[in-house]
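Residue numbers (the working numbering), protein chains in the order written: chain A, 27 to 376; chain B, 27 to 376; chain C, 27 to 376. Ideal Cβ placement from N, Cα and C applies to all residues, glycine included. On a predicted model such as this, the values are computed, not experimentally measured, just so you know.
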Amino acid sequence: MTIQEIKDYLGRFFDSVELAGNTDVLISGPAKIESAQKGQVSFIANDKYVRHLATTAASLVIVHKSVCVDDFIQNTSFLKVADPYTAFVFLLQKFATPRIIAQKGIAPSAVIGNDVSIGDGVSIGEFAVIGDRCRIGSNTVIGAHTVLLHDVAVGDDTVFFPNVTCYDGTVVGKRVVIHSGSVIGADGFGFAPQKNGSYIKIPQMGIVEIGDDVEIGANATIDRATMGSTVIGRGAKIDNLVQIAHNCSIGEDTVIAAQAGISGSVNIGNQCMIGGQAGFAGHLELADRIQVAAQSGISKSFLQPGIALRGYPAQPMRDQLKHEAMLRNLGAMREKLNQLEIEMKELKKA
Amino acid sequence: MTIQEIKDYLGRFFDSVELAGNTDVLISGPAKIESAQKGQVSFIANDKYVRHLATTAASLVIVHKSVCVDDFIQNTSFLKVADPYTAFVFLLQKFATPRIIAQKGIAPSAVIGNDVSIGDGVSIGEFAVIGDRCRIGSNTVIGAHTVLLHDVAVGDDTVFFPNVTCYDGTVVGKRVVIHSGSVIGADGFGFAPQKNGSYIKIPQMGIVEIGDDVEIGANATIDRATMGSTVIGRGAKIDNLVQIAHNCSIGEDTVIAAQAGISGSVNIGNQCMIGGQAGFAGHLELADRIQVAAQSGISKSFLQPGIALRGYPAQPMRDQLKHEAMLRNLGAMREKLNQLEIEMKELKKA
Amino acid sequence: MTIQEIKDYLGRFFDSVELAGNTDVLISGPAKIESAQKGQVSFIANDKYVRHLATTAASLVIVHKSVCVDDFIQNTSFLKVADPYTAFVFLLQKFATPRIIAQKGIAPSAVIGNDVSIGDGVSIGEFAVIGDRCRIGSNTVIGAHTVLLHDVAVGDDTVFFPNVTCYDGTVVGKRVVIHSGSVIGADGFGFAPQKNGSYIKIPQMGIVEIGDDVEIGANATIDRATMGSTVIGRGAKIDNLVQIAHNCSIGEDTVIAAQAGISGSVNIGNQCMIGGQAGFAGHLELADRIQVAAQSGISKSFLQPGIALRGYPAQPMRDQLKHEAMLRNLGAMREKLNQLEIEMKELKKA
Numbered sequence: 027m028t029i030q031e032i033k034d035y036l037g038r039f040f041d042s043v044e045l046a047g048n049t050d051v052l053i054s055g056p057a058k059i060e061s062a063q064k065g066q067v068s069f070i071a072n073d074k075y076v077r078h079l080a081t082t083a084a085s086l087v088i089v090h091k092s093v094c095v096d097d098f099i100q101n102t103s104f105l106k107v108a109d110p111y112t113a114f115v116f117l118l119q120k121f122a123t124p125r126i127i128a129q130k131g132i133a134p135s136a137v138i139g140n141d142v143s144i145g146d147g148v149s150i151g152e153f154a155v156i157g158d159r160c161r162i163g164s165n166t167v168i169g170a171h172t173v174l175l176h177d178v179a180v181g182d183d184t185v186f187f188p189n190v191t192c193y194d195g196t197v198v199g200k201r202v203v204i205h206s207g208s209v210i211g212a213d214g215f216g217f218a219p220q221k222n223g224s225y226i227k228i229p230q231m232g233i234v235e236i237g238d239d240v241e242i243g244a245n246a247t248i249d250r251a252t253m254g255s256t257v258i259g260r261g262a263k264i265d266n267l268v269q270i271a272h273n274c275s276i277g278e279d280t281v282i283a284a285q286a287g288i289s290g291s292v293n294i295g296n297q298c299m300i301g302g303q304a305g306f307a308g309h310l311e312l313a314d315r316i317q318v319a320a321q322s323g324i325s326k327s328f329l330q331p332g333i334a335l336r337g338y339p340a341q342p343m344r345d346q347l348k349h350e351a352m353l354r355n356l357g358a359m360r361e362k363l364n365q366l367e368i369e370m371k372e373l374k375k376a
Numbered sequence: 027m028t029i030q031e032i033k034d035y036l037g038r039f040f041d042s043v044e045l046a047g048n049t050d051v052l053i054s055g056p057a058k059i060e061s062a063q064k065g066q067v068s069f070i071a072n073d074k075y076v077r078h079l080a081t082t083a084a085s086l087v088i089v090h091k092s093v094c095v096d097d098f099i100q101n102t103s104f105l106k107v108a109d110p111y112t113a114f115v116f117l118l119q120k121f122a123t124p125r126i127i128a129q130k131g132i133a134p135s136a137v138i139g140n141d142v143s144i145g146d147g148v149s150i151g152e153f154a155v156i157g158d159r160c161r162i163g164s165n166t167v168i169g170a171h172t173v174l175l176h177d178v179a180v181g182d183d184t185v186f187f188p189n190v191t192c193y194d195g196t197v198v199g200k201r202v203v204i205h206s207g208s209v210i211g212a213d214g215f216g217f218a219p220q221k222n223g224s225y226i227k228i229p230q231m232g233i234v235e236i237g238d239d240v241e242i243g244a245n246a247t248i249d250r251a252t253m254g255s256t257v258i259g260r261g262a263k264i265d266n267l268v269q270i271a272h273n274c275s276i277g278e279d280t281v282i283a284a285q286a287g288i289s290g291s292v293n294i295g296n297q298c299m300i301g302g303q304a305g306f307a308g309h310l311e312l313a314d315r316i317q318v319a320a321q322s323g324i325s326k327s328f329l330q331p332g333i334a335l336r337g338y339p340a341q342p343m344r345d346q347l348k349h350e351a352m353l354r355n356l357g358a359m360r361e362k363l364n365q366l367e368i369e370m371k372e373l374k375k376a
Numbered sequence: 027m028t029i030q031e032i033k034d035y036l037g038r039f040f041d042s043v044e045l046a047g048n049t050d051v052l053i054s055g056p057a058k059i060e061s062a063q064k065g066q067v068s069f070i071a072n073d074k075y076v077r078h079l080a081t082t083a084a085s086l087v088i089v090h091k092s093v094c095v096d097d098f099i100q101n102t103s104f105l106k107v108a109d110p111y112t113a114f115v116f117l118l119q120k121f122a123t124p125r126i127i128a129q130k131g132i133a134p135s136a137v138i139g140n141d142v143s144i145g146d147g148v149s150i151g152e153f154a155v156i157g158d159r160c161r162i163g164s165n166t167v168i169g170a171h172t173v174l175l176h177d178v179a180v181g182d183d184t185v186f187f188p189n190v191t192c193y194d195g196t197v198v199g200k201r202v203v204i205h206s207g208s209v210i211g212a213d214g215f216g217f218a219p220q221k222n223g224s225y226i227k228i229p230q231m232g233i234v235e236i237g238d239d240v241e242i243g244a245n246a247t248i249d250r251a252t253m254g255s256t257v258i259g260r261g262a263k264i265d266n267l268v269q270i271a272h273n274c275s276i277g278e279d280t281v282i283a284a285q286a287g288i289s290g291s292v293n294i295g296n297q298c299m300i301g302g303q304a305g306f307a308g309h310l311e312l313a314d315r316i317q318v319a320a321q322s323g324i325s326k327s328f329l330q331p332g333i334a335l336r337g338y339p340a341q342p343m344r345d346q347l348k349h350e351a352m353l354r355n356l357g358a359m360r361e362k363l364n365q366l367e368i369e370m371k372e373l374k375k376a
C-alpha cells in the first residue's frame, strides 16, 4: 500500500487525517516503533515513545495530531490523527494475513446431527461434531475438532477455534469469537450435602447465553445455570483460563482478565474491568464501570458505579491505598512505640 | 406430573411429606421462586426467601415442615418436608431433560485399540480414541473426541464429556463424571536441577486413581504420580480449572472449588472443603473436615480435624479474623500512638 | 537388571559409583523408600530419610557417598554416588515403561494439509490435523486429536500429547514436550477501548516461538504476540494451567509453576523460578535467577539478579519476611500501646 492509500483508508474512520512528508513510499506492513524497518508503518500513542522518532527506521508513523514532526520528515512520513492507537489497530486489521481456521464448506470428516440448520457461507472444520437440532448462522466458522452437543444455537459471523466444547442448549450470538480449549455450558458446581458427608448432584438444567460481539479466550470455562441462564453480555471480553460459575450474569462490554474466577450467581454490571486472578465470592453484585485490581478478593457487593476496588477483602481504592500505606509504615509505628516506651520508663523513673 | 405424583415420588426419599393445598394441579417443571410461573414447582430452603410466598406464581412450593403456609394455600400448594433443598434436587433430577452425550453403541468413527474390553450398554462418541488394553465398564459413556491412552481402566456408569484426555494407566471408578477439557494423568512437574542451571526430566511413572462417585469439572488437571498413584478419593468433587499435582491424595467426599491449586505430595483428608483459588504448598497434610477459605495460601500442615482456615499464610479462622480486625483498626492504633506522642512531649515539657 | 548392571549404567553419568553389599540381586523396578519391596531399588537424597534404612525392604538403595551404610548391608545393597537424586532419575528413565502416544507413521484418519513437510520417523496420531505448509521435524510425535493450524514449524524429537492446539505460525523447537489441552498461539487479549465503552479487537499478528528442550504442562495457554513473537526460552519448564500473555519473553531454563499468570509484555530472565499462582502486572522485567514465591503479586520490575521475592505487592524476601513478622506481632504492639496509654493516664493524674 502507498502512504496515500493508507491516508485514504484511515479517512474512512477519522474526520481528519493530516499528512506530513512523502506520500509515494510503499508500505509492506506494521511494526513496533523500536524495531520497525524501512517500508514499515508504526505508531506513537504515548508521549514517552516520542523520543524514538529521531531514530526509527519506519517509513511511516501514525501520531497524534498535536505532535510536532517537522524535524523528522526528511526520513519519515507521518499521518496525524485524533487517536493514533485506534488508527494503528485499523491498519493492523488491513495488513493482517488472513488466518484459515477452517475451509469454506463442511469438511468431509465433520459429523452433522439430525435436523441441523446451517446458514450460507459456513465453514466447518475436520472432525467437528455438530449435535442434533443445532442452528449455525451464516458465515460462521467452526474449527476442527470443535464439538457442539445438541440444541446449540450460534449466530452469524461467529468463530469457534479448534477444540472448543459447547454443551447442549448453549446460545451464542453474532460475531462472537471463542478460542481453543474453552468449555461453554459444563455443569455448574452444585451438590447438596447429605448427613453422612457425601453429596447428591444438583442437576444443572439451565444453559449459557453469550451475547453478540463477545470474545472468549483459550481454556476458559463458563458453566450452565442450575435453572435459567448464565449470561455473558454483548461485547464482553473474557481472557484465557477465566472461570465463570453457574447463574452468573456478566454485563455488556465488561472485560475480565486471565485466570479471574467468578463464583456462582454473581452479577457484574456493564463496562466493568476485572483484573487477572481476581476472585469473587458467590451471590454478590457489582455496579457498572467498576474496576477490580488484579488478585483482589471481592467478598461483598459494591453498588456505586465507577469505583475502583483492590485488596483482600477488596475495598474502594482510596481506602485500600491508605491501608497499604499504613502497612508499609508499620516499621515506623513500631519504632515510635518503642521510643515512647523508653521515654515512659525514664519519666516514671524521674 | 400432578402434585399427588410429586408427593408420592418424594415419599420415596422422606419419612414424611405433608401436603397443604390442592393436589390435582399439573406441574410442568421447576423454577426459581422469584421467576416461577403458574404450573411450576419451586422451593424455599432459607428463611429470607419466605417473603416470596406472598407473591410467587408457582403452583407448588416445597418448604420446611416448620413453615406456616396457611395464608397462601388459596393460590399455591405446598409440600412440607424435613429438607426442602434436597427434595427440590430430587425433583430437578425428575424433570431433567435427558442429555445425549453420545449415542448408545460405538460411533463408526471411534478408534478402538487392541485387547480393549467394553462392557454392556456402553456409548462411545464420534472420533473417540480408546488405547490398547483399556477396559470400559458397563453403561459408561465416552463423549466425542475423548482420548484414553493405553491401559486405562474405567468402571461402570461413568461419564466422560467430549474432549477429555486420560493418559496411560489411569484408573477411574464407577459413576464418575469428568467434564470436557480435563486432563487426567499428565506428567507431574518434576525436573532435577543440574549444576549448569538446566534440568533433567524426572520420569513420571505412576498413575492417577479416581474413586467411585467423583465429579471433575471442565479443564481441570490431575497429574500422575512420580511413582505410585495420585489418588482422588471416593465421592470427591473437583471444580473447573483446579490443579492437582503429582503424588497428592484427596480424601473422600472432599470438595475443591474452581482454580484451587494443590502442590505435589499434599494429603487432604476426608470431607474437607477447599475454597476457590486457594493454594497449597507441597508435602503437607490436612486432617478431615477442614474448611479452607477462598484465595487462602496453606503453607504448613494442619492436623486438627474440623477447623476452618483462612489467610496468607493461612491460620485457624479465629486467629485470622482477630488478625484481620487488628489490621482494620490499624488507623485507630496510629491515632492513639500519635496522641500518646503529643502527650509525652507535653509531659516532658512540664 | 542386576545390581552390577545398574552400577555400570550409572557409571556412564558419575565418575564414581561405589558398591556396598551384594551385586547379583535382580532389580525389577524403582519405588519410594517407605513402600519399596524386595527386588526394588530406592534412594535417599535427604538426611531425614536415613532412618528408613533400618526398615526398608528395598534390595538396593542409592545414597550419597558420605552415608555410612555398614549396619545395613546384610539386607540391602547400596550404590554410593555424588548425587543420589539425579542417579535415581536416570534409573527411573531406565525402568520407565515405554508410553505409546501415537504409533509410528501417519494414522490413516489424520488430515495432512498441502505443502506439509514431514521428517523421518514421525508419528502422527488418529484425527490429528496438520495445516497447510507445516513442517514437522524427524522423530516428532503428534498425539491423537492435536491440531496444528497452518504454517506451524516443529523441530525434531518433539512430543505433542493428544488434544494440543497450535495456532498458525507457531514455531516449536527440538525435544519440546507439550501436554494435552494446552493452547499455543491464541490471540493476545488486546482490545482498543472506544468512547462508547465498547472495544475494537486489535489483530494479534505475531506468533509464539518455543525454544528447544521446553516442557509445557496440561491446559496451559501461551498467547501470540501482537507483532513479533511471544518467546519461551530454551529449556524453560511451564506447569499446568499457566497463562503467558502476548509479547512476553520467558528466559532460558526458567521454571513457572502451576496457575501462575504472566501479563502482557513481561520479560523474565534466565533460570528464574516462579511459584504457583503468582501473578505479574504487565510491561515489567525480572532479572536472571530471581525466585518468586507462590501466590505473590509482582507489580514492578526487579533488576537485581538472584534475589527472592514474595508478597503482594511483592518485595525482596528479607523485607517481606520482616514485614510479615511485624504483622504477626501486631497484637503485641497493640498491647504495648494500650499499656502505655494506661501508664500515661496514671502519670498525668499524678
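Output needed for residue i: all residues of its chain with C-beta closer than 6 Å, excluding positions within five of it in sequence on either side, in chain order.
i: Ala262 of chain C; result: Val240, Ile276 and Thr280
i: Ser54 of chain B; result: Gly65
i: Ser135 of chain B; result: Glu152 and Phe153
i: Gln30 of chain A; result: Thr49
Where does residue i land, buried or exposed, given buried means 16+ other C-beta within 10 angstroms?
i: Ile210 of chain B; result: buried
i: Asn272 of chain C; result: Correcting the residue type first, residue 272 of chain C is His in the shown sequence and not Asn. Per the 10 Å Cβ criterion, buried.
i: Pro188 of chain B; result: buried
i: Cys94 of chain A; result: exposed
i: Asp96 of chain C; result: exposed
i: Ser327 of chain B; result: exposed
i: Glu372 of chain C; result: exposed
For residue i, I'd like the list of residues in its chain whose CB is within less than 7 Å of its CB, leaving aside the five on either flank, ordered along the chain.
i: Thr82 of chain B; result: Ile59, Ala62, Ser68 and Thr102
i: Ile228 of chain B; result: Gly216, Phe217, Ala218 and Thr252
i: Tyr75 of chain B; result: Ile59
i: Gln330 of chain C; result: Ala313
i: Pro339 of chain A; result: Gly323 and Ser325
Is the beta carbon of residue j closer than 9 Å to that of residue i?
i: Gln220 of chain A; j: Ala284 of chain B; result: no
i: Leu174 of chain B; j: Ile127 of chain C; result: no
i: Tyr35 of chain A; j: Lys120 of chain A; result: yes
i: Thr166 of chain C; j: Asp141 of chain C; result: no
i: Leu381 of chain A; j: Gln321 of chain A; result: Absent from the structure is residue 381 of chain A, since the part of chain A shown begins at 27 and ends at 376.
i: Ile32 of chain C; j: Leu117 of chain C; result: yes
i: Leu45 of chain A; j: Phe114 of chain A; result: no
i: Gly237 of chain C; j: Gly259 of chain C; result: yes
i: Ser143 of chain C; j: Ile162 of chain C; result: yes
With residue i and residue j assumed to form a contact (beta carbons below 8 Å), what rounded beta-carbon distance in angstroms separates them?
i: Val197 of chain B; j: Glu235 of chain B; result: 5 Å
i: Ser47 of chain A; j: Ile99 of chain A; result: Correcting the residue identity first, residue 47 of chain A is Gly in this sequence and not Ser. That belief holds up - the Cβ atoms of Gly47 of chain A and Ile99 of chain A are roughly 4 Å apart, short of 8 Å.
i: Asp177 of chain A; j: Cys160 of chain A; result: 7 Å
i: Lys362 of chain C; j: Glu367 of chain A; result: 6 Å
Excluding the 5 residues flanking residue i on each side, which residues of the same chain have their C-beta closer than 8 Å to its C-beta?
i: Ala108 of chain A; result: Phe40, Asp41, Ser42, His90 and Lys91
i: Gly243 of chain B; result: His205, Ser208, Ile264, Asp265, Asn266, Leu267, Val268 and Ala284
Is the stretch 307-314 of chain C touching the stretch 290-298 of chain B, taking contact as three or more C-beta pairs under 8 Å?
no
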